[in-house]
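Taking it in order: structure first as structure tokens, then the write-up.
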Amino acid sequence: MVRPSLFVGSSSEGLRIAEAVQVVLDEVCEVELWTQGIFGLTQGTLESLVTALPRFDFALLVLTADDLTVSRNAERPTARDNVLFELGLFIGALGRDRTFMLYDRTHPPALPSDLAGITAATFAPQASGNLEAALGAPCTKVRRTVERLGARADKRFRDLEKATNSVEDVGATMQSLLRLLARSRKVELDIIATQFGPMIDSQKLQQMKQDLADLDRTLDQD
Numbered sequence: 000m001v002r003p004s005l006f007v008g009s010s011s012e013g014l015r016i017a018e019a020v021q022v023v024l025d026e027v028c029e030v031e032l033w034t035q036g037i038f039g040l041t042q043g044t045l046e047s048l049v050t051a052l053p054r055f056d057f058a059l060l061v062l063t064a065d066d067l068t069v070s071r072n073a074e075r076p077t078a079r080d081n082v083l084f085e086l087g088l089f090i091g092a093l094g095r096d097r098t099f100m101l102y103d104r105t106h107p108p109a110l111p112s113d114l115a116g117i118t119a120a121t122f123a124p125q126a127s128g129n130l131e132a133a134l135g136a137p138c139t140k141v142r143r144t145v146e147r148l149g150a151r152a153d154k155r156f157r158d159l160e161k162a163t164n165s166v167e168d169v170g171a172t173m174q175s176l177l178r179l180l181a182r183s184r185k186v187e188l189d190i191i192a193t194q195f196g197p198m199i200d201s202q203k204l205q206q207m208k209q210d211l212a213d214l215d216r217t218l219d220q221d
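For what it's worth, numbering that gives the first Met the number 0 labels the leading residue of the sequence shown as 0, then goes sequentially.
If you want it as structure tokens, here you go:
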């Protein structure tokens, strides 16, 4: 059974967290990080991301407090604009129930007001420094949602259509091979019947001629 696909995005500073998420969720999802071939060399970042959107069933954006912004004369730590943009892009494409945001609740970034309705998966660093252990609880919440919702229906349809087309292509190839084999067998029988007919038992010769006639009819139908 094909696992649902999950895109994981982050800033460069949050990449270590994204990589740990990939390790923890690998058994339940086909996890792709933003660094793993999502952005093509010949395409812009936005174009690459929009092209990749239909491939994913879920998205998780790691929000790290990388920048400082001034609001109402106060500095606040905020996530990178491009990561917030990607979060909004996936919410629009997949829906709020299939898009997750993850951040360190001991050092949370300030979030735009329009993200207030999204439930965040949060974690707290452990004294041992074991990041995968710290991410266990939020990743369990993500895993349960993935298992409950599964792959998107439209993506399952596309996968089924792709598999059907693949089977049809194989079938067409097999038909071509069978036609070639039939022609080869017809030539072989024709030569044997012509050159060695007098030396072949009459009953077997008659069967060969019948085979030739059957092959002729089959090839004519093609």
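Note that the Cβ used here is the ideal one computed from N, Cα and C, for glycine as well.
Taking T139 as reference, the option from A126, T121 and D153 with the minimal CA-CA separation is T121. A distance of 8 Å or more separates the beta carbons of P124 and A136. Scanning A58, G91, S127 and L93 for the CA closest to the CA of L101 turns up A58. Judged by DSSP secondary structure, T34 falls outside any beta strand (DSSP E); it is assigned neither H nor E.
Counting other Cβ atoms within 10 Å of its Cβ, R79 reaches 16 or more and is therefore classed as buried. Rounded to the nearest whole angstrom, the CA to CA distance from E85 to W33 is 11 Å.
T98: member of the beta strand (DSSP E) spanning T98 to D103, first to last residue. As the crow flies, the alpha-carbon of E131 is around 10 Å from that of A17. Under the DSSP assignment, D66 falls in the beta strand (DSSP E) whose first and last residues are D66 to S70. For E12, there is no enclosing alpha helix (DSSP H), as DSSP marks it with neither H nor E. Here E18 is not bridged, per DSSP, to any residue.
With a threshold of 16 other beta carbon atoms within 10 Å, A152 falls short and is exposed.
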